[in-house]
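In the working numbering, the protein residues as written are 3 to 374. Structure first, then comments.
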Ligand code: KG4
Ligand code: ZN
């Protein structure tokens, strides 16, 4: 059962945070996929690492079994195993990694440890054949905010990243401050529907019109100041007696969401203009945000660009993206040894920082990637 890539079905395992997931991917297509989300963390207002690791341990066997039976596949037809090796919670990562190692070793299958954020990038290619390099990518999750340019798979130029909180982390912390549940992103999006952005004013960090691409921070993000500004505004509103704070929350949440989205969209447009590349891939949990998706889509369409955003299921943590990335790298001959270890702060493979003194890519290097 070999695919065009010369590789048969690949089993992917994801356990970096609070989703236990397994998937089988063959030739870029999902044959089976199971995601088990752990709700045990909600009452604690965040992921409890020890609970996450123990839940992965309890659930992983059954999740893989369900995945294989969904695909109607015997484990014997698999050609490789891919697993998230980092970044993530160390205990949670170790469960998936050691499971994958044991499984691969017992069946004599090639094993590959992959990077969780690179896997988010590959999620798009499972649904859209056009989501391929060259492209600009915005990866926004609970731990990362990365803006990059990819000339080819595996070779990435880091344009910008957050200097403090990740975008998803800011959503989670502000939601907690506003008395909303966890995870904060979907909660902020939900209550914002009853509110209106612009009733209050929050800053749009690092988006001054005076910035220039020669500035090393031109594409960088910062959400910590916005979080503090939201908290100070919340304190002022809590002190007002005429209207209850709860009634203010939708407008405040909507303005916070608009501030994050304006910043993310503004930086993506900078990257598109600088690179001359209008093909944009979105990934990570925050890519589930409807306002971000629609604002990006419009901003790109008016510039002749095109947005690739994964479906809601593939934007969240999942093993299909892990299997897809592993399939790609395994078919290039890459392998991990049985000494593979989990690394909570694993470096993004092939990622190099942009040289802000280098010439503008779009103008001088002639990169074109108009949508097809
Ligand atoms: O990629 P992900 O599922 O896990 C990590 O790799 O971190 O991302 C989780 C993050 C959380 O911070 C969560 O609040 C955020 O994604 N998120 C959202 C939405 N759904 C999830 N943020 C904004 N709007 C959403 N609808
Ligand atoms: Zn993730």
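For glycine and all other residues, C-beta sits at the position ideal for the given N, C-alpha and C. None of the values given here were measured: they were computed from a predicted structure.
Counting along the chain, residue 28 sits inside the beta strand (DSSP E) bounded by residues 21 to 28. The ligand ZN has a heavy atom closer than 7 Å to the beta-carbon of residue 143. DSSP places residue 310 inside the beta strand (DSSP E), whose first and last residues are 308 to 310.
Residue 258 has its CB no nearer than 7 Å to any heavy atom of the ligand KG4. Distance from the Cα of residue 138 is smallest, within the candidate group 145, 60, 146, 159, for 159. Rounded to the nearest whole angstrom, the CA to CA distance from residue 66 to residue 14 is 9 Å. Of the candidates 315, 90, 278, 326, 278 places its Cα closest to the Cα of residue 305.
Scanning the stretch 24 to 111 for uninterrupted alpha helix (DSSP H) segments of 4 residues or longer gives 51 to 73, 92 to 109, listed from N- to C-terminal end. Per DSSP, residue 263 lies in no beta strand (DSSP E) segment; the continuous alpha helix (DSSP H) that holds it begins and ends at 247 to 277. For residue 115, the shortest C-beta to heavy atom distance toward the ligand ZN is 7 Å or greater. In terms of side-chain proximity, the C-beta atom of residue 167 is found no nearer than 7 Å to any non-hydrogen atom of the ligand ZN.
In the same chain as residue 51, and ignoring 5 residues on each side of it, the C-beta atoms closer than 8 Å to its own belong to 91, 92, 93, 94, in chain order. Under the 8 Å Cβ criterion, the stretch 171 to 190 counts as touching the stretch 257 to 275, having at least three qualifying pairs.
When DSSP assignments are scanned along the stretch 126 to 182, the uninterrupted stretches of beta strand (DSSP E) that are 3 or more residues long and fall wholly within it turn out to be 137 to 142, 147 to 154, 157 to 163. Nearest neighbour of residue 166 by Cα position, chosen from 147, 184, 183, turns out to be 147. Short of 6 Å from the beta carbon of residue 102, and not among the five residues preceding or following it, lie these beta carbons of its own chain, in chain order: 15, 83, 85. According to the DSSP assignment, residue 16 belongs to the beta strand (DSSP E) that extends over 12 to 16. Under the three-state reduction of DSSP, residue 335 is assigned to coil, being neither helix nor strand.
Annotated as distal: residue 143 and residue 282, with beta-carbon spacing of 8 Å or more. Nearest to residue 76 by C-alpha distance, out of 119, 11, 219, 21, is 11. Exposed is the label assigned to residue 360, since fewer than 16 other Cβ atoms lie within 10 Å of its Cβ.
Taken through DSSP and simplified to helix, strand or coil, residue 223 comes out as strand. Here residue 171 has 144, 145, 225 as same chain residues with Cβ atoms under 8 Å from its own Cβ, once five neighbours each way along the sequence are excluded.
By the CB criterion at 8 Å, residue 316 and residue 128 fall inside the cutoff. Nearest Cα to residue 169 within the set 49, 294, 105: 294. With fewer than 16 other Cβ atoms inside 10 Å of its own Cβ, residue 243 counts as exposed. Using a cutoff of 7 Å, the CB of residue 118 counts as near the ligand KG4, since one of the ligand's heavy atoms is closer than that. A distance below 6 Å between beta-carbons, with the five flanking residues on each side excluded, links residue 199 to the following residues of its chain, in chain order: 256, 257, 260.
Only residues of its own chain outside the window of five on either side were considered, and among them 139, 141, 283, 285 have a CB closer than 7 Å to the CB of residue 123, listed in chain order. Scanning its chain for C-beta atoms nearer than 8 Å, with the 5 sequence neighbours on each side dropped, one finds around residue 55 the residues 91, 93, 94, 96, 97, in chain order. The stretch 349 to 358 makes contact with the stretch 150 to 159, as at least three CB pairs between them are under 8 Å. Take residue 113, set aside five residues on each side of it, and the residues of its chain with a beta-carbon closer than 6 Å to its own are 83, 106, 338, in chain order.
Placement of the Cβ of residue 173 at a distance of less than 7 Å from at least one heavy atom of the ligand KG4 is found.
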